[in-house]
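Q:
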Amino acid sequence: MLLRRVTQHVKDQNWFAVFVDLLIVVVGVYIGIQVANWNAERQNQKEQLSYLELLHTELAPRIENYERFFESLEEVGNNERFVVETLRSGKLDNSETTRFNSGLVTIIRVHQPDTSLLVKRLETSDIVDDYQGTKYHEILSRLYSSWTRASRNMKTYVDQAKSARDLVFNRVYMSPSENFVPIPQYNFKQLVNDKAFVHAVAQLYHFNKLSRNTFRRAHNEIVQSVKELEAALYPNGHASLQGK
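If you use the numbering used here, the sequence shown corresponds to residues 86 to 329, in order.
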């Protein structure tokens with residue numbers, strides 16, 4: 086109908102009417118585009134909000150779990166230090182054998198943070214960039230920075246300790262057990278007299294200590310970021326760090 090009307094106005098050389106008709110078309114197209122953009126932006130914001138809620142749901146309970154994990158790490162560190170000190174002293178009482186074995190088991194473990202698929206998405210810069218200009222961007226940037234920096238540093242410690250870990254593995258046989266915790270098999274006097282072994286154990290303790298400290302610092306930074314994310318998502322306090 087509009088095309089027929091424009092054609093008729095052209096035939097009648099009613100240029101003002103032609104101009105009005107064209108203006109109606111342009112304005113209509115413009116409004117249609119704006120509405121489409123508005124709907125797309127609204128859908129995008131909805132998807133972004135859903136992602137952030139999922140991210141918070143993933144991270145919040147993990148914080149509580151890590152707190153309990155750090156409590157056990159203190160004992161792990163003490164046992165590992167005990168192994169180093171015992172080897173250097175050359176004396177091991179029978180009553181301390183269990184503690185010595187426990188330290189040997191943990192000292193050769195690879196210390197790296199546990200990451201879920203959801204958290205790993207933060208390792209792609211476009212995820213953070215998607216929130217550019219929103220109140221969430223700075224929070225996500227800090228979370229991304231904390232996580233990737235800690236992961237990178239801990240991987241470096243693992244790589245640097247590889248030769249020492251291999252040497253300890255070669256000197257101490259970790260016998261399988263029913264509860265999945267290996268039982269070290271060794272000759273204590275031979276270990277004490279093996280300078281390379283004693284040095285390797287000291288190296289592992291050093292790198293493991295660095296990893297634990299790095300993990301705790303990253304954890305503290307992530308806790309702060311999650312609190313800020315929660316405050317932004319739930320300004321009325323509808324959620325807690327327990328994910329409720």
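In this text, a Cβ means the ideal position worked out from N, Cα and C, and glycines have one as well.
Under DSSP, the alpha helix (DSSP H) around I224 begins and ends at which residues?
A: H222 to Q245
Q: Helix, strand or coil for Y151? Go by DSSP, reduced to three states.
A: helix
Q: Return helix, strand or coil for S260, following the three-state DSSP convention.
A: strand
Q: Closest Cβ-Cβ distance between H291 and chain C: below 8 Å?
A: You won't find chain C in this structure, because it holds only one protein chain.
Q: Compute the Euclidean distance between the alpha carbons of R184 and Y242, then round it to the nearest angstrom.
A: 25 Å
Q: What is the DSSP secondary structure of I307, reduced to helix, strand or coil?
A: Helix.
Q: Measuring CB atoms only, is the stretch 265-272 touching the stretch 172-191, in the sense that at least three cross pairs come out at less than 8 Å?
A: yes
Q: Pull the bridge partners of P146 from the DSSP assignment, please.
A: According to DSSP, P146 bridges with nothing at all.
Q: Is the distance from the Cβ of R237 to the Cβ of L289 below 8 Å?
A: no
Q: State buried or exposed for S260, treating a residue as buried only when at least 16 other CB atoms are found within 10 Å of its CB.
A: exposed
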